[in-house]
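Numbering (our numbering), first residue to last: 27 to 283.
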């Protein structure tokens, strides 16, 4: 892959969409939690609350267990194939089994451990109000932000511990899916590409690889087909992007583990 390549991903089902969102939020949390500043600490706190709101929407734990079990069954069926790297496959199957055991060992619903913390509930209620987290609105937040960087990190690590355990499992799931496809050179005539999805395949994700950041794809995907329009800003991002009129060469990965 070229060093300047940019990859855009499009989930093709709700389960993978949630996995990608949690992955992005944990990455953001790690970034801000490493920085020693009031603003970074506040962003870390908001990200913990955002992850909590996401995992509380459904039974994420059961969905992840189903995905682990599904991948384990699919990959187990490949053991007899002559072209398969058996040692690598067995290592992946072992990791999936360990992840399944970890998920089954997690007690209760995700997010439940934070519901009894009044401080977090107060921040959550005020954060939906524009400017609602000012010092005069939440003096306890100012108190927390005035603590040392190490103390704030310890709190964030404690509050986010179940999510980090979940993240390890999601990383394995997403790695297996991303590694399931090869990059195929494709050309979008007049900046547009469309293709039908094979309903017999377990379609999980599309990955689009571009050699530069001069343009970007707008992806629309449904059960039966997907389309890609390549867009570019004429001047600045203040203006509406326009579809490319020329053909665009890119690399497409159809992930269907």
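Think of the CB as a built atom: it goes at the ideal place given N, C-alpha and C, for glycine as much as any other residue.
Cβ-Cβ separation, residue j to residue i (assumed contact under 8 Å), whole Å
i: residue 126; j: residue 91; result: 7 Å
i: residue 279; j: residue 269; result: Not quite, the Cβ-Cβ distance comes to about 22 Å (not below 8 Å), so this is no contact.
i: residue 251; j: residue 244; result: With a Cβ gap of about 15 Å, residue 251 and residue 244 do not count as contacting.
i: residue 66; j: residue 58; result: 5 Å
i: residue 87; j: residue 136; result: 6 Å
i: residue 253; j: residue 220; result: 4 Å
Distance between residue j and residue i (C-alpha atoms, nearest Å)
i: residue 285; j: residue 178; result: This structure leaves residue 285 out entirely; the chain is present only between 27 and 283.
i: residue 97; j: residue 163; result: 48 Å
i: residue 95; j: residue 235; result: 29 Å
i: residue 265; j: residue 242; result: 15 Å
i: residue 31; j: residue 74; result: 31 Å
i: residue 247; j: residue 38; result: 7 Å
i: residue 224; j: residue 230; result: 12 Å
i: residue 116; j: residue 199; result: 15 Å
i: residue 159; j: residue 132; result: 33 Å
i: residue 154; j: residue 226; result: 43 Å
i: residue 144; j: residue 134; result: 20 Å
i: residue 156; j: residue 149; result: 12 Å
i: residue 282; j: residue 151; result: 40 Å
i: residue 194; j: residue 271; result: 42 Å
i: residue 176; j: residue 61; result: 11 Å
i: residue 267; j: residue 36; result: 19 Å
i: residue 28; j: residue 222; result: Confidence is the limiting factor: at residue 28 the pLDDT is only 48, short of 50, which leaves the residue's position unreliable, though a coordinate-based value still follows. Each residue's Cα considered, the two are about 28 Å apart.
i: residue 108; j: residue 69; result: 50 Å
i: residue 33; j: residue 259; result: 18 Å
i: residue 173; j: residue 82; result: 29 Å
i: residue 114; j: residue 228; result: 22 Å
i: residue 180; j: residue 43; result: 30 Å
i: residue 185; j: residue 169; result: 18 Å
i: residue 124; j: residue 238; result: 39 Å
i: residue 161; j: residue 240; result: 42 Å
i: residue 183; j: residue 138; result: 16 Å
Below-8 Å beta-carbon distance, residue i vs any chain D residue
i: residue 171; result: Here there is only one protein chain, and chain D is not present.
Sub-8 Å separation of residue i and residue j beta-carbons
i: residue 72; j: residue 48; result: no
i: residue 233; j: residue 214; result: no
i: residue 118; j: residue 101; result: yes
i: residue 147; j: residue 78; result: no
i: residue 171; j: residue 64; result: yes
i: residue 128; j: residue 191; result: yes
i: residue 121; j: residue 89; result: no
i: residue 275; j: residue 211; result: yes
i: residue 45; j: residue 167; result: no
Residue i, enclosing alpha helix (DSSP H) - first and last residue
i: residue 117; result: 112-131
i: residue 189; result: 175-204
i: residue 151; result: 144-153
i: residue 55; result: 40-59
i: residue 265; result: First-last for residue 265: undefined, no H or E at that position.
i: residue 211; result: Taken as a continuous stretch (DSSP letters only), residue 211 belongs to no alpha helix (DSSP H), being part of the beta strand (DSSP E) at 210-214.
i: residue 169; result: 165-171
Endpoints, beta strand (DSSP E) assigned at residue i
i: residue 247; result: 242-247
i: residue 236; result: 231-236
i: residue 80; result: Per DSSP, residue 80 belongs to no beta strand (DSSP E); it is in the alpha helix (DSSP H), 64-81.
i: residue 34; result: 32-37
i: residue 274; result: 274-281
i: residue 93; result: From DSSP, residue 93 is part of no beta strand (DSSP E) but of the alpha helix (DSSP H) over 86-102.
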